[in-house]
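So the protein lines, in turn, are chains W and S. In terms of our numbering, the first sequence is residues 13 to 317. In terms of our numbering, the second sequence is residues -18 to 239. C-beta atoms are modelled at their ideal positions from N, C-alpha and C, and glycine is treated no differently. Notes follow the structure.
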Amino acid sequence: MTDALKIENLRKIYNGSVQALRGVSFSVKKGDFFGLLGPNGAGKTTLIGILTSLVNKTSGQVSIYGYDIDTQFSEARSLIGVVPQEFNFGIFDSVLNILRYQAGYYGVPWKIAKPRAEKYLKALDLWEKRDTQARFLSGGMKRRLMIARALLHDPQMLILDEPTAGVDIELRRTLWKFLTGLNNEGKTIILTTHYLEDAENFCRNIAIIDEGVLIKHCNTAELLRELDRESFVFYLKVPMTELPVLKGYKFVLQDPLSLEVEMSKEFGLSALFEHLKNNNIEVASMRNKANRLEELFLRLTANDE
Amino acid sequence: MMTLSNKFTAYSTIAMKEVRRTLRLWIQTLLPPLITTILYFIIFGHVIGSRIGMMAGVPYLVFIAPGLIIMPMIINSFASGSTVVYSAKMMHQIEELLVSPMSEFVMLSGYMTGAIFRGLIVGAVVTAATLFFVHFTVDNIALVILTAVLSCAFFALFGILNGVLANSFDDISIIPNFVLSPLIYLGGVFYSVSVLPPFWQKISLFNPLFYIVDCFRYAFLHINHVAVLPGLLALLVMVIVLFLFIWHLLKIGYRLRY
């Protein structure tokens, strides 16, 4: 089966010296929900730029649904919807006109695109704003407009660069729900995000890039299984004065009512709960100290120095 | 693969966007050339022109009319091309087009058509104003239209090139202020080159604007200093060469793709 995206030995050198990508290769399956992760300056935006043809690659090959982005650019680009990080529509244009122009650029007549515009504007709660100039929209509305715009030509693949950057928690949830719905309809979603919790929850597969090199490309669940240690915070009912001692567990008292426990996965939580119970320590609630993917991400991208 | 119909949709979208913009912003796009032309007619035509009398066998007011019509057309088609492309580049709106499946040929044709439209609509408005000041018959309407379209096309492309190459708003004001304006004013809009000393007559022959003004005046009044056909052919060749050059720049993404 043809991959939705195939990247082979992709290199990008800026100004003859700055190596943004150093031979990156990976593929994304059709219908995947794929996260492209990496610290700032890792090469994510360059990679997205090459996929969307805003950046000229130095060498390597990229194909979208089997179409080469250089020799079959028209076919390849028709299959992609792009949601950039920065707002890039005419702020004096109305919402509907922005969508009309977008459809036109892709050769889609307005009579075909108009029902889609209505569908997506309603789904993204923007229909009432259809005649409003873009400059009068809030940041969250602009973000949703960019997503609606990217879908006007009915692309098979949606590429989003930091889609939830700077949006409030409610909108973030709305956007993830919307994107999940699109993915369920069969659209391939590729995104970059700094919210690793979101990546952990929504992306089936991820790639991690650091300093222009692909350091991980795998199934998210498999990656999380690699994590051998985890930390939890227990909120206690009664203040604690003396730390418990249990082999394989490291206890730290954050404050009299918050106990942090670092443990190896092989020991598990059952023994810990039993030990706490035997020592008359009552737990009110607990949480993971850190997002698991975040933990792995930091470990994988840690500087060796 | 985009079909011919898809390509036409993409082309007309870019062109119509610029047409709508020109009409929506009429206070910025249409009113200034109208007022400037009226002032030219009042000052150069009536106040000074009445003392000059005849030039090249026709009243001075009639002599300057074609030049005063083509001048704002040139300036506006250039301004449209340069500002639209440069603004789209700076505001990242051009990315909408660059990520789309349309070819650079379609993109350039759309931008060029939009800029030509602005030049032509300004020409129509200014011509209407001209008729309040001077009455003349058009000698060759087909030649008027051909010269107007080719001139607007050339300066639309010149403007687009300026927009592609510009790195700041200063860069897009340098050409109109320091290149275009001097060439226009020295291109024989307000005088016949035959009144110049022989040395300056020869210098005028190196000014491309001279040929455009001369050709346009010929189309209106049947008055010319140089043969019209070679000038028109040269203009056509320059339009084609400039189009091909910008098309190449867009294809390699010069200053647009990184």
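Report yes if the C-beta distance between residue i and residue j is below 8 Å; otherwise report no.
| i | j | result |
| --- | --- | --- |
| Ile19 of chain W | Ser37 of chain W | yes |
| Gly50 of chain W | Lys41 of chain W | no |
| Lys141 of chain W | Gln168 of chain W | no |
| Ala60 of chain S | Gly144 of chain S | no |
| Lys301 of chain W | Glu272 of chain W | yes |
| Arg34 of chain W | Val225 of chain W | yes |
| Val220 of chain S | Leu112 of chain S | no |
| Ile97 of chain S | Ala69 of chain S | no |
| Ile55 of chain S | Ile165 of chain S | yes |
| Arg216 of chain W | Asn231 of chain W | yes |
| Ile243 of chain S | Met88 of chain S | Since the displayed chain S opens at -18 and closes at 239, residue 243 of chain S lies outside it and no answer follows. |
| Phe44 of chain S | Met36 of chain S | yes |
| Met298 of chain W | Tyr247 of chain W | yes |
| Thr2 of chain W | Asp173 of chain W | Outside the shown range of chain W, which is 13 to 317, sits residue 2 of chain W, and nothing can be said about it. |
| Ile220 of chain W | Phe46 of chain W | no |
| Leu170 of chain W | Ile201 of chain W | yes |
| Phe214 of chain W | Leu136 of chain W | no |
| Ala200 of chain S | Thr128 of chain S | yes |
| Tyr132 of chain W | Ser81 of chain S | no |
| Ile62 of chain W | Lys69 of chain W | yes |
Give the secondary structure of residue i by DSSP, where H, G and I count as helix, E and B as strand, and everything else as coil.
| i | result |
| --- | --- |
| Ser75 of chain W | strand |
| Glu98 of chain W | coil |
| Gly30 of chain S | helix |
| His287 of chain W | helix |
| Lys228 of chain W | strand |
| Glu87 of chain W | helix |
| Ser297 of chain W | strand |
| Lys277 of chain W | coil |
| Val160 of chain S | helix |
| Ser243 of chain W | strand |
| Tyr21 of chain S | helix |
| Asp143 of chain W | coil |
| Glu254 of chain W | coil |
| Met276 of chain S | With chain S covering -18 to 239 only, the question about residue 276 of chain S has no answer from this structure. |
| Thr200 of chain W | strand |
| Asp316 of chain W | For Asp316 of chain W, the predicted model reports a pLDDT of 47, less than 50, meaning its position is unreliable; a value from the coordinates is still stated below. Reduced to three states, the DSSP call for Asp316 of chain W is coil. |
| Asp151 of chain S | helix |
| Trp228 of chain S | helix |
| Lys24 of chain W | strand |
| Ser84 of chain S | coil |
| Asp15 of chain W | coil |
| Phe309 of chain W | helix |
Using 10 angstroms around the beta-carbon of residue i, count the other beta-carbons present and answer buried if the total reaches 16, otherwise exposed.
| i | result |
| --- | --- |
| Asn57 of chain S | buried |
| Asn148 of chain S | exposed |
| Glu317 of chain W | Summary for Glu317 of chain W: the model assigns pLDDT 41, below 50, so the residue's position carries little reliability, and this model does not support an answer. |
| Phe104 of chain W | exposed |
| Gln74 of chain S | buried |
| Ser(-14) of chain S | exposed |
| Thr176 of chain W | buried |
| Gly38 of chain S | exposed |
| Leu214 of chain S | exposed |
| Ser63 of chain S | buried |
| Arg10 of chain W | In this structure chain W extends from 13 to 317, so residue 10 of chain W is not present and cannot be described. |
| Pro147 of chain W | What sits at residue 147 of chain W in the sequence shown is Arg, not Pro. Arg147 of chain W comes out exposed. |
| Val170 of chain S | buried |
| Arg311 of chain W | exposed |
| Thr64 of chain W | buried |
| His27 of chain S | exposed |
| Gln266 of chain W | exposed |
| Pro14 of chain S | buried |
| Glu254 of chain W | exposed |
| Gly93 of chain W | buried |
From what residue to what residue does the alpha helix (DSSP H) around residue i run?
| i | result |
| --- | --- |
| Ser245 of chain S | One cannot answer for residue 245 of chain S here, as it falls past the ends of chain S, which runs -18 to 239. |
| Ile159 of chain W | 151 to 162 |
| Val64 of chain W | Position check: residue 64 of chain W holds Thr in this sequence, whereas Val was assumed. Counting along the chain, Thr64 of chain W falls outside any alpha helix (DSSP H), and DSSP gives it neither H nor E. |
| Leu202 of chain S | 189 to 202 |
Is there at least one non-hydrogen atom of the ligand PLP closer than 7 Å to the beta-carbon of residue i?
| i | result |
| --- | --- |
| Leu59 of chain W | Judged by which ligands are present, the structure shown has none, so any question about the ligand PLP falls away. |
List the endpoints of the continuous beta strand (DSSP E) containing residue i.
| i | result |
| --- | --- |
| Asn217 of chain W | 217 to 222 |
| Asp173 of chain W | 169 to 173 |
| Arg238 of chain S | Taken as a continuous stretch (DSSP letters only), Arg238 of chain S belongs to no beta strand (DSSP E), as it is neither H nor E. |
| Asp267 of chain W | 261 to 267 |
| Ala32 of chain W | 30 to 40 |
| Gly47 of chain W | 45 to 49 |
Would you mind telling me which residues of chain C sit closer than 7 Å to residue i, beta carbon to beta carbon, in chain order?
| i | result |
| --- | --- |
| Pro121 of chain W | Among the chains of the structure shown, chain C does not appear; the protein chains present are W and S. |
query: Quick one, which residues of the stretch 67 to 88 of chain W are near chain S if we go by CB-CB under 9 Å, in chain order?
result: Val67, Asn68, Gln84, Phe85, Ser86, Glu87, Ala88
- request: With 8 Å as the C-beta to C-beta threshold (strictly closer), list the residues of the stretch 61 to 91 of chain S near chain W in chain order.
  value: Met72, His73, Gln74, Glu76, Glu77, Leu78, Leu79, Val80, Ser81, Pro82, Met83, Ser84
field: Short-range partners of chain W found in the stretch 214 to 238 of chain S, where Cβ spacing is below 7 Å
entry: Gly234, Arg238
query: Which residues, in chain order, does the stretch 42 to 58 of chain S contribute to contact with chain W at a C-beta distance below 8 Å?
result: none
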